[in-house]
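**Student:** Residue numbers (the numbering used here), protein chains in the order written: chain A, 4 to 176; chain D, 4 to 176.
Backbone N, C-alpha and C fix where the C-beta goes; we use that ideal spot for every residue, glycine too.
The model shown is predicted, which means the values in this text are computed figures rather than measured ones.
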DNA sequence: ATATGAATGTTATATCATAACACGTCAAGG
DNA sequence: CCTTGACGTGTTATGATATAACATTCATAT
């Protein structure tokens, strides 16, 4: 069952079991981008050229990028080349739920489930730096329970894990 | 020594139900510090004056401190006044499990359960900036399960939540 | 006492992030 | 029309966080 070019029909790397698998990433990119555009249109948020391009860049790389990495690419394409240009676009994407901030890496990554109201957990390979967005509803539920015991009201979470992805585990052995 | 509210008998703010409660924090400080010293002695790690003082500072504040905050206090007491002094001591404490890094705040906080091999989750109040270290064994277990499904091997985690502590929820209402 | 490695101190610089203001665009109301 | 106000973008400048590299001191074991 190769996911090679035969249309992923709504799946692709948005399904978590492909997070670390080889796959035709262009499907994920176009799929997610299309959904983001639809969501923006629906909500009235303005997915302008810079913002859209930043999202594309994050999707193309399929890994976490620092704001300055993004900025460099933007500048090379004729957009502004000062930090706020990148930070503002990234902030917009995060606010809209189109991207996530990975604090451990001081970096940003495209959200693979825009609009799906999910609780992301990031699995960061310390060797190859790939970042997978794992489904974390159960994790979030446990965290909510722990917070509730203390009377704490959670608004936003950052759940991140550093370790080895399947491929790099093999190489380490 | 002697304090007004006498003795928490081995408990104090190391018990999670006191995380947000008023309490005589000097007990937590001395208790945790003593345990850290014992652990260091047992493992051969050298809890030198700077390192010990940094741990004390973190304990005294009972909140997350930035490296430069710590550095300022160190410098005022005659220790070195350059960033590496603080960063190295903090790194040692984190490596030993005597402190944790709170990435969301670019800050560090004393561990309230040194040597207990726990999975901390940090609850950060966005209003008063207090940070509570919540027990998160269940959270960690859920995260391990999610990672296992993807074949990812977790080594370290950062689980953080931003929201409102009980006191600030009251004020907000 | 002295060789060794660890810890500390220092200089310098790298990296990440935001405040504040200027300019252009575009749509709503005069 | 043409103004006005909100928003987005671009710019300058600076602030905040973090580490590399090297010099010096200290503890310890011989």
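If we ignore side chains and look at the alpha-carbon of each, how far apart do residue 149 (chain D) and residue 154 (chain A) end up?
**Tutor:** The alpha-carbon atoms of residue 149 (chain D) and residue 154 (chain A) are separated by roughly 26 Å.
**Student:** Across the region 52-63 of chain D and the region 81-98 of chain D, are there enough close Cβ pairs to call them in contact, namely three or more that are closer than 8 Å?
**Tutor:** Taking 8 Å as the limit for Cβ pairs, the verdict is that the region 81-98 of chain D does touch the region 52-63 of chain D.
**Student:** Could you confirm whether any beta carbon from chain A is found closer than 8 Å to the beta carbon of residue 168 (chain D)?
**Tutor:** By this cut-off, residue 168 (chain D) is an interface position.
**Student:** When Cβ atoms are compared, which residues of the region 111-144 of chain D fall closer than 8 Å to chain A?
**Tutor:** Flagged, chain order: 124, 126, 128, 129, 135, 137, 138, 139, 141, 142 and 144.
**Student:** Can you tell me which of the three DSSP states residue 80 (chain A) falls into?
**Tutor:** Note: residue 80 (chain A) maps to coil in three-state DSSP.
**Student:** Assuming residue 137 (chain A) is part of the alpha helix (DSSP H), what are its boundary residues?
**Tutor:** Run containing residue 137 (chain A): none in the alpha helix (DSSP H); it sits in the beta strand (DSSP E), 134-138.
**Student:** What residues from chain D crowd round residue 94 (chain A), counting only those whose CB sits closer than 9 Å?
**Tutor:** Those do not exist, as residue 94 (chain A) stays about 15 Å from chain D at its closest Cβ, beyond 9 Å.
**Student:** From residue 40 (chain A) to residue 62 (chain A), what distance separates their C-alpha atoms?
**Tutor:** Cα to Cα, residue 40 (chain A) sits roughly 14 Å from residue 62 (chain A).
**Student:** Does DSSP classify residue 93 (chain A) as helix, strand or coil?
**Tutor:** Helix.
**Student:** Chain A beta carbons: is any one of them nearer than 8 Å to that of residue 159 (chain D)?
**Tutor:** Yes, contact with chain A.
**Student:** Do residue 134 (chain D) and residue 97 (chain D) come within 8 Å of each other at the CB atom, strictly closer than that value?
**Tutor:** No, these two residues do not count as a Cβ contact at 8 Å.
**Student:** Run down chain D in chain order and give the residues with a C-beta less than 7 Å from the C-beta of residue 154 (chain A).
**Tutor:** Within chain D, the residues near residue 154 (chain A) are 23 and 169.
**Student:** Please confirm whether residue 40 (chain D) has its beta-carbon closer than 8 Å to some beta-carbon of chain A.
**Tutor:** Output row for residue 40 (chain D): interface = no.
**Student:** Note the first and the last residue of the continuous alpha helix (DSSP H) segment covering residue 32 (chain D).
**Tutor:** Unbroken alpha helix (DSSP H) run through residue 32 (chain D): 28-46.
**Student:** Closest Cβ-Cβ distance between residue 67 (chain A) and chain D: below 8 Å?
**Tutor:** Judged by the 8 Å Cβ criterion, residue 67 (chain A) is not in contact with chain D.
**Student:** Roughly how many angstroms lie between the CA atoms of residue 129 (chain A) and residue 174 (chain D), to the nearest whole one?
**Tutor:** Going by the C-alpha atoms only, they are around 42 Å apart.
**Student:** Taking 8 Å as the threshold (C-beta atoms), are residue 123 (chain D) and residue 103 (chain D) in contact?
**Tutor:** Yes; because the gap between Cβ atoms is below 8 Å, this pair is in contact.
**Student:** By the DSSP assignment, the beta strand (DSSP E) with residue 119 (chain A) in it spans what residues?
**Tutor:** From DSSP, residue 119 (chain A) is part of no beta strand (DSSP E); its letter is neither H nor E.
**Student:** Should residue 34 (chain A) go down as buried or exposed, given a rule of 16 or more other Cβ atoms within 10 Å for buried?
**Tutor:** Buried, by the Cβ-count rule.
**Student:** Can you tell me which of the three DSSP states residue 22 (chain D) falls into?
**Tutor:** DSSP places residue 22 (chain D) in coil when its eight states are reduced to three.
**Student:** Can you confirm whether residue 48 (chain A), when its beta carbon is compared against all beta carbons of chain D, has any partner nearer than 8 Å?
**Tutor:** Output row for residue 48 (chain A): interface = no.
**Student:** When we look at the beta-carbon of residue 159 (chain D) and count the other beta-carbons within 10 Å, is it buried (16 or more) or exposed?
**Tutor:** Counting Cβ neighbours within 10 Å, residue 159 (chain D) comes out exposed, since fewer than 16 surround it.
**Student:** Closer than 9 Å by beta-carbon distance: list the chain A residues that pair up with residue 172 (chain D), in chain order.
**Tutor:** Simply 154, 155 and 156.
**Student:** Could you compute how far the alpha carbon of residue 58 (chain A) sits from the alpha carbon of residue 37 (chain A)?
**Tutor:** Cα to Cα, residue 58 (chain A) sits roughly 11 Å from residue 37 (chain A).
**Student:** By Cβ distance below 8 Å, which residues in the same chain neighbour residue 23 (chain A) in space, the five residues on each side in sequence not counted?
**Tutor:** Closer than 8 Å at the Cβ level, and outside the excluded window around residue 23 (chain A), lie 133, 135, 168, 169 and 170.
**Student:** How would you label residue 49 (chain A), buried or exposed, when you count the other beta carbons within 10 angstroms and need 16 or more for buried?
**Tutor:** Exposed, because fewer than 16 other Cβ atoms sit within 10 Å of the Cβ of residue 49 (chain A).
**Student:** Thinking C-alpha only, which one of D:100, D:43, D:45 and D:108 is nearest residue 72 (chain D)?
**Tutor:** Nearest C-alpha to residue 72 (chain D): D:108.
**Student:** Is residue 148 (chain A) close to chain D? Criterion is C-beta to C-beta, closer than 8 Å.
**Tutor:** So, interface residue.
**Student:** Does residue 107 (chain D) get closer than 8 Å to chain A when you measure Cβ to Cβ?
**Tutor:** Residue 107 (chain D) counts as touching chain A.
**Student:** Is it buried or exposed, residue 100 (chain D), if we count other Cβ atoms within 10 angstroms and call 16 or more buried?
**Tutor:** Label assigned to residue 100 (chain D): buried.
**Student:** Starting from residue 159 (chain A), trace the beta strand (DSSP E) both ways and give me its first and last residue.
**Tutor:** Looking at the DSSP string, the run of the beta strand (DSSP E) that includes residue 159 (chain A) is 156-167.
**Student:** Can you list, in chain order, the residues of its chain whose CB lies under 8 Å from that of residue 164 (chain D), leaving out five sequence neighbours each side?
**Tutor:** Counting only Cβ-Cβ distances below 8 Å, and skipping sequence neighbours, we find 124, 125, 126 and 127.
**Student:** Which residues bound the alpha helix (DSSP H) around residue 56 (chain D)?
**Tutor:** Per DSSP, residue 56 (chain D) belongs to the alpha helix (DSSP H) from 52-64.
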